[in-house]
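For the sequence shown, UniProt numbering gives the first residue as 1, with consecutive numbering after it. Shown next, in structure tokens, is the structure this report addresses.
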Amino acid sequence: MDSFTGKLAVITGGGAGMGAELARMLAAEGCSVSVCDVSAPNLEETLARCRADASPGTKVTTCVADVSVEAELEAFRAYIAEVHETDHIDLLFNNAGIGGGGYSFVAEPREQWERVFNVNWGGVYLGVRVFLPMLLRSERARIVNTSSVNGFWAGLSPTESIVAYSTAKFAVRGFSEALISDLRLRAPHVEVSVVMPGYVGTSLVRNSMSYLGAKDGRGLDDGLGDIDRDFRANAPTTSESAAKDILEGVRAGQWRILVGEDARILDEAVRADPLDAYRTEFFARMRERGVFTTMPEPPAGAK
Numbered sequence: 001m002d003s004f005t006g007k008l009a010v011i012t013g014g015g016a017g018m019g020a021e022l023a024r025m026l027a028a029e030g031c032s033v034s035v036c037d038v039s040a041p042n043l044e045e046t047l048a049r050c051r052a053d054a055s056p057g058t059k060v061t062t063c064v065a066d067v068s069v070e071a072e073l074e075a076f077r078a079y080i081a082e083v084h085e086t087d088h089i090d091l092l093f094n095n096a097g098i099g100g101g102g103y104s105f106v107a108e109p110r111e112q113w114e115r116v117f118n119v120n121w122g123g124v125y126l127g128v129r130v131f132l133p134m135l136l137r138s139e140r141a142r143i144v145n146t147s148s149v150n151g152f153w154a155g156l157s158p159t160e161s162i163v164a165y166s167t168a169k170f171a172v173r174g175f176s177e178a179l180i181s182d183l184r185l186r187a188p189h190v191e192v193s194v195v196m197p198g199y200v201g202t203s204l205v206r207n208s209m210s211y212l213g214a215k216d217g218r219g220l221d222d223g224l225g226d227i228d229r230d231f232r233a234n235a236p237t238t239s240e241s242a243a244k245d246i247l248e249g250v251r252a253g254q255w256r257i258l259v260g261e262d263a264r265i266l267d268e269a270v271r272a273d274p275l276d277a278y279r280t281e282f283f284a285r286m287r288e289r290g291v292f293t294t295m296p297e298p299p300a301g302a303k
């Protein structure tokens with residue numbers, strides 16, 4: 001797929017960050033886009049940006065939907081078929097994801113752990129399930145699933161675990177890799193890519209806490225804005241740069257798309273020394289190479 005002009009792309013989690021940038025860039029290339037997100041205000045902003053940059057004749061639509069709820073994705077699919085007057089789509093970007101709760105399997109409530117898992121893994125699984133019939137009706141299509149560096153390395157820092165997020169991202173990676181042969185054998189006109197970003201400057205913190213807080217009946221903490229700004233400011237890769245890398249990988253037909261120099265460094269290091277990947281010395285080596293520099297130093301004597 002060396003051109004996106006005249007195609008129709010579906011993007012989940014497109015209200016901000018990489019999803020919003022993907023939508024804007026695709027629309028600018030003449031690709032019609034339909035975007036979903038749980039935040040209506042975020043979708044309005046994405047819609048305005050896309051329409052400002054869109055090529056003439058390109059249609060951009062949005063729909064509020066929670067990717068962890070199959071019925072909402074089915075309603076999104078029906079909306080696309082009606083508004084875009086089509087029975088097929090050409091590109092599916094399963095981009096929606098959250099961080100936040102569910103760092104520990106041992107110490108944290110099951111409910112919060114499962115919310116993170118159900119969005120990050122369930123959203124990808126259900127996205128493919130729901131939209132596969134429309135992809136199969138395309139002449140040539142591609143599924144693009146967003147995993148993470150935590151899909152090949154389940155770490156964060158020597159002082160913190162990240163269990164729900166990593167488990168989900170490993171599942172996304174494994175599912176995507178398994179689909180390569182399945183699609184080649186049974187639907188060779190549909191291909192798949194798995195995206196593995198490092199630390200990208202998105203509104204992940206704010207959007208995650210907003211989603212989890214709403215599910216728990218809580219509002220946002222007053223200090224969240226500062227945390228969100230720091231998270232974006234400290235990131236070595238911008239959302240715009242990440243979206244460019246993703247689209248370049250899709251255009252080139254790559255099944256595995258690493259995003260950010262930190263992702264490439266970490267991938268190389270884990271492959272070179274997998275047995276040492278969770279020891280303190282590994283984190284120290286990564287910090288020397290510019291990875292994890294924003295994470296707290298491990299305590300003295302940690303192994």
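Even glycine gets a Cβ: it sits at the ideal position worked out from N, Cα and C.
Closest by CA to residue i, which one among the options?
{"i": "TYR125", "options": "ASN94, ALA75 and ARG140", "result": "ASN94"}
{"i": "THR58", "options": "PRO109, MET18, PHE4 and GLY19", "result": "PHE4"}
{"i": "GLY187", "options": "ARG140, VAL33 and THR159", "result": "Checking the sequence shown, residue 187 turns out to be Ala, not Gly. The candidate whose alpha carbon is nearest that of ALA187 is ARG140."}
{"i": "PRO158", "options": "LEU8, GLY15 and ASP276", "result": "ASP276"}
{"i": "GLN254", "options": "ASP245, ASP262, CYS31 and GLU261", "result": "ASP245"}
{"i": "GLU268", "options": "SER239, VAL190 and PHE152", "result": "PHE152"}
{"i": "ILE257", "options": "THR62, PRO56, SER147 and ILE162", "result": "SER147"}
{"i": "GLU177", "options": "ALA168, LYS169, SER166 and VAL194", "result": "VAL194"}
{"i": "ALA40", "options": "CYS50, ALA23, ARG49 and THR62", "result": "THR62"}
{"i": "PRO133", "options": "ALA243, ALA78 and ALA171", "result": "ALA78"}
{"i": "ARG49", "options": "MET25, GLU70 and GLY30", "result": "MET25"}
{"i": "VAL259", "options": "SER239, ALA252, VAL270 and ALA272", "result": "SER239"}
{"i": "PRO56", "options": "LEU156, ASN42, CYS31 and LEU135", "result": "CYS31"}
Pop quiz: residue i and residue j are said to be a contact at Cβ under 8 Å. What is the actual Cβ separation, rounded to whole angstroms?
{"i": "ARG110", "j": "LEU212", "result": "Not a contact, Cβ separation roughly 14 Å."}
{"i": "GLY97", "j": "ASN118", "result": "Actually they do not touch by this definition, with Cβ atoms about 11 Å apart."}
{"i": "VAL35", "j": "GLU74", "result": "VAL35 to GLU74, Cβ: 17 Å. No contact."}
{"i": "VAL200", "j": "THR237", "result": "5 Å"}
{"i": "VAL33", "j": "VAL144", "result": "Their Cβ separation, rounded to whole angstroms, is 13 Å, which puts VAL33 and VAL144 out of contact at 8 Å."}
{"i": "ALA154", "j": "PHE175", "result": "Between PHE175 and ALA154 the Cβ distance is about 16 Å, and since that is not below 8 Å, they are no contact."}
Give every residue of the same chain whose Cβ lies closer than 7 Å to the Cβ of residue i, excluding the five residues on either side of it in the sequence, and list them in chain order.
{"i": "VAL291", "result": "ASP262, ILE265 and LEU266"}
{"i": "ALA54", "result": "ALA27, ALA28 and VAL60"}
{"i": "PHE76", "result": "CYS36, CYS63 and ALA65"}
{"i": "ALA235", "result": "TYR199, VAL200 and GLY201"}
{"i": "TYR278", "result": "GLY155"}
Looking only at its own chain, which residues have a Cβ that is under 6 Å from the Cβ of residue i, when we skip the five neighbours before and after it?
{"i": "ASP87", "result": "ARG137"}
{"i": "ALA164", "result": "GLY102, TRP113, VAL116 and PHE117"}
{"i": "PRO274", "result": "none"}
{"i": "GLY122", "result": "SER68"}
{"i": "ALA243", "result": "MET18, GLU21, LEU22 and MET25"}
Taking the beta carbon of residue i as the centre, do at least 16 other beta carbons fall within 10 Å, making it buried, or is it exposed?
{"i": "PRO197", "result": "buried"}
{"i": "GLY19", "result": "buried"}
{"i": "VAL83", "result": "exposed"}
{"i": "ASP182", "result": "exposed"}
{"i": "ALA107", "result": "exposed"}
{"i": "ARG173", "result": "buried"}
{"i": "ALA65", "result": "buried"}
{"i": "ARG51", "result": "exposed"}
{"i": "ARG142", "result": "buried"}
{"i": "ALA71", "result": "exposed"}
{"i": "THR293", "result": "exposed"}
{"i": "ASP2", "result": "exposed"}
What are the partner residues of residue i, as DSSP defines its beta bridges?
{"i": "ILE11", "result": "VAL35 and PHE93"}
{"i": "ASN145", "result": "ASN94 and VAL194"}
{"i": "CYS63", "result": "CYS36"}
{"i": "GLU160", "result": "SER157"}
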